[in-house]
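Undergrad:
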Amino acid sequence: MTVTLHFHGAAGTVTGSCYRVVHPGGQFLVDCGLFQGNKSVRELNLKPTPFDPKSIDFLLLTHAHIDHAGLLPKLYGEGWRGPMWMTGPTAGLLEYLLPDGAGIQESEAERETRKRSRRGEEPVKPLYTMADAEEALAHREICDYDQWIEPGPGVRARYWNAGHIIGSASIEVEVQDSDGKPVRLMFSGDIGPDEKVFYTEPEGPSGFDYILCESTYGGRDRAEYTLEERRETLKTEIQQALGRGGNLIIPTFAVERSQELLHDIGTLIKMGEIDPQLVALDSPLASKVTGVYRKYAKMFEDTELSADELFNDKRFRIIEAVEDSKGLNAIKGGAIIMSASGMADAGRIKHHLRNNLIRANATVLFVGYQAPGTLGQIILSGAREVRIHGSVIPVRATIRSMGNYSAHADHSELMDWIRERLPVEKDLFLVHGEENAMSELAEDAAKLVDPKRIVMPALDACYELTPEGAVLSTEAVEPRLAPEQIAHLDWHNDVSKLILDINDRLRSAAGERSRNVLIRKLRRVLEEDAG
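In the numbering used here, the protein residues as written are 47 to 577.
(1) Rounded to whole angstroms, how far is the Cβ of alanine 381 from the Cβ of alanine 326, which I believe are closer than 8 Å?
(2) Taking the Cβ atom as the reference point for each residue, do histidine 69 and valine 221 lie within a distance shorter than 7 Å?
(3) Could you give the first and the last residue of the continuous alpha helix (DSSP H) run that contains leucine 143?
(4) Less than 8 Å between the CB atoms is what I'm expecting for arginine 204 and aspartate 192, so what's the real figure, rounded?
(5) So what's isoleucine 195 in DSSP terms, helix, strand or just coil?
(6) What do you get for glycine 123, buried or exposed, if any count of 16 or more other CB atoms within 10 angstroms of its CB means buried?
(7) Which residues in the same chain have their Cβ closer than 7 Å to the Cβ of threonine 159, if we skip the five residues on either side of it in sequence?
(8) Using the three-state DSSP reduction, which class does alanine 488 fall into: helix, strand or coil?
(9) Mind checking which residues open and close the alpha helix (DSSP H) that includes alanine 392?
(10) Taking its Cβ as the centre, do 16 or more other Cβ atoms sit within 10 Å of glycine 318, making it buried, or is it exposed?
(11) Within 8 Å, do at least three Cβ pairs link the region 133-140 to the region 251-271?
(12) Answer yes or no: do glycine 226 and glycine 72 have a C-beta to C-beta separation smaller than 7 Å?
(13) Ordered along the chain, which non-local residues of its own chain (more than five positions away) have a Cβ less than 8 Å from that of tryptophan 126?
(14) From arginine 162 to alanine 148, what does the alpha carbon distance come to, in whole angstroms?
(15) So, at 7 Å on beta carbons, what are the nonlocal neighbours of isoleucine 404 in its own chain, with the 5 sequence-adjacent residues on each side left out?
(16) In terms of DSSP beta bridges, what is glutamate 510 paired with?
(17) Roughly how many angstroms separate the alpha carbons of aspartate 310 and threonine 50, rounded to a whole number?
(18) State the CB to CB distance for the pair glutamate 249 and tryptophan 206, rounded to an integer number of angstroms; the pair is presumed to be in contact (CB under 8 Å).
(19) For lysine 281, collect the residues of the same chain with a Cβ closer than 8 Å to its Cβ; drop the 5 residues on either side in sequence, then sort them by chain order.
(20) Reducing DSSP to helix, strand and coil, say where glutamate 366 ends up.
(21) For a minimum of 4 consecutive residues, which ranges assigned as the alpha helix (DSSP H) are wholly contained in the region 236-320?
(22) For glutamate 180 and histidine 109, I'd like the C-alpha separation in whole angstroms.
(23) Using CA coordinates, which residue listed in Val495, Leu143, Gly436, Phe74 is at the minimum distance from valine 470?
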């Protein structure tokens, strides 16, 4: 039997990481992440799992980010009871991230059910429940970096520091084929940049049959910077934002980026470089995640603030209660408000954007990747209006972005990681990236690897890992989404844009008569199409 590799996520898109390896001794998963992006991509989360979860022997998890771990409770909700292997810090983060995700799923299902009930429609069920998250947590297994584990017959694996977030790993895997020979694979997970507050550079051995490398920032190089230079750039952004007289709103992820921002903001306050009235991290997860960081503080590189100083400045407020979060809406200026999610697609950040985007003296600063079709990407692209919670919100605030807080390696750093893993005897798979990013990374990687050996798999594609190299299998499951629907704005985005354009045109019409003429024209088009 030939070992086969299935790409059930992070193929043609940055999210939904999920790889399935089938071998003579069974089958296992590497990651099981949530899809994020346009509505067509997000609906992949609701579709049936493209394999029988009960057939999976075990799962190897690279790290705790939602696009790598966010569908784990769904697996357990579908009846799977296998073990999940991960590092200690990843297990600590999941303790809070999975229940938080379940709470979001239950809350969104409840809100959608209320809307549907008003239309006489059937209620919706959450993607997974709190009970499913708790079941998942009961099956965590801990492993250390640089130590071999044998999670199942014919398989052994070793975790290496990926330098991405606390506990993140690249996973080296050896799988025996039908002849008893090992097939050596390296799953990159998410690779961190060279310059980070908390960690050393990514690590790992060299020499594999197959390498899977993420390509989030393929084709994009950030300006060279030191941590001091990054902090200087942040200082300028904060000073200018507060100088406008309004609040500074920063969509950010609850894990890592929030802590790095707090570290830099705390350092700038300590040095007397900035003078905000308040620094609020509005996330129920914040204090819990911070506890994980304190527990594993010995893993950090030297920082300018101690682990205790880092999160204890009197200007900082970690917001957990809903009423306290709502109270931030009364603050009209002088505050730095950080809140999840980082792509502004869910969570409390949407409330803060709704209250601040309309203010000309406010500033919104994006500090991470924004997937196509997300609210963050739409705002960053220059939209004059956006829809939040069903309401049309004019964008009057100043919109800014910084790339130096990305937890991902840029193009040159990805090339360095690939170079350090060579030689690759068979094929290099490029994953976890949009089409353009993968193509640009492939073009440069062709200087290191035979171009014929560089593969950019499609969603749900399956490859046989033969002695001659990877061969696309004709037995793969039917793709759940066409490539052109994945990393682009979809019809849901087009409808939202159309509604905004219609509202804008009606407001700018010369009078009531002009508005009625436009409405009649639109109705006529709809009636002609229906006929």
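Every residue, glycine too, gets a C-beta built ideally from N, C-alpha and C.
Values in this document were obtained by computation on a predicted structure and should not be read as measured data.
TA: The short version:
(1) Indexing the sequence shown from 1 puts residue 381 at position 335. Indexing the sequence shown from 1 puts residue 326 at position 280. At roughly 6 Å, the Cβ-Cβ gap stays under 8 Å, so alanine 381 and alanine 326 are in contact.
(2) Counted from its first residue, the sequence shown places residue 69 at position 23. Counted from its first residue, the sequence shown places residue 221 at position 175. Yes, Cβ-Cβ distance for histidine 69 and valine 221 is below 7 Å.
(3) For the purposes of this step, residue 143 is identified with residue 97 of the sequence shown, where counting begins at 1. Per DSSP, leucine 143 belongs to the alpha helix (DSSP H) from 134-164.
(4) The residue you call residue 204 lines up with position 158 of the sequence shown. The residue you call residue 192 lines up with position 146 of the sequence shown. Right, the Cβ-Cβ distance comes to about 7 Å (below 8 Å), so this counts as a contact.
(5) Your numbering for residue 195 matches position 149 in the sequence shown. The answer is strand: DSSP assigns isoleucine 195 an E or B state.
(6) Position 77 of the sequence shown, counted from the start, is the residue given in the question as residue 123. Under this definition glycine 123 is a buried residue.
(7) The sequence position of residue 159 within the sequence shown is 113, counting from 1. Answer for threonine 159: Pro169, Val170, listed in chain order.
(8) As a first step, residue 488 is located in the sequence shown; it is residue number 442 there, counting from the start. Alanine 488: helix per DSSP, three-state reduction.
(9) For the purposes of this step, residue 392 is identified with residue 346 of the sequence shown, where counting begins at 1. Unbroken run through alanine 392: none, as it is neither H nor E.
(10) Counting from one through the sequence shown, the residue named residue 318 turns up at place 272. Counting Cβ neighbours within 10 Å, glycine 318 comes out exposed, since fewer than 16 surround it.
(11) no
(12) Here the question's residue 226 lines up with position 180 in the sequence shown. Here the question's residue 72 lines up with position 26 in the sequence shown. No, the Cβ-Cβ distance between glycine 226 and glycine 72 is not below 7 Å.
(13) Here the question's residue 126 lines up with position 80 in the sequence shown. Excluding sequence neighbours, tryptophan 126 sits near Pro99, Lys100, Ile102.
(14) For the purposes of this step, residue 162 is identified with residue 116 of the sequence shown, where counting begins at 1. For the purposes of this step, residue 148 is identified with residue 102 of the sequence shown, where counting begins at 1. Taking the straight line joining both Cα atoms gives about 21 Å.
(15) Taking the first residue of the sequence shown as 1, we reach residue 404 at position 358. Around isoleucine 404: Ile439, Pro440, Arg442.
(16) Taking the first residue of the sequence shown as 1, we reach residue 510 at position 464. Answer by DSSP bridge pairing, in chain order: Thr50, Val517.
(17) Position 264 of the sequence shown, counting from 1, holds the residue named residue 310. Position 4 of the sequence shown, counting from 1, holds the residue named residue 50. For aspartate 310 and threonine 50, the distance between alpha carbons rounds to 45 Å.
(18) The sequence position of residue 249 within the sequence shown is 203, counting from 1. The sequence position of residue 206 within the sequence shown is 160, counting from 1. Contact holds; Cβ gap of about 5 Å.
(19) Translated into the one-based positions of the sequence shown, residue 281 becomes position 235. Taken in chain order, the residues that qualify are Leu314, Glu319, Ile320.
(20) Here residue 366 is taken as the residue at index 320 of the sequence shown, counted from 1. Coil.
(21) 273-289, 303-316
(22) On the sequence shown, residue 180 is found 134 positions in, with the first residue counted as 1. On the sequence shown, residue 109 is found 63 positions in, with the first residue counted as 1. Rounded to whole angstroms, glutamate 180 to histidine 109 spans 18 Å at the Cα level.
(23) Position 424 of the sequence shown, counted from the start, is the residue given in the question as residue 470. For valine 470, the nearest C-alpha among the options comes from Val495.
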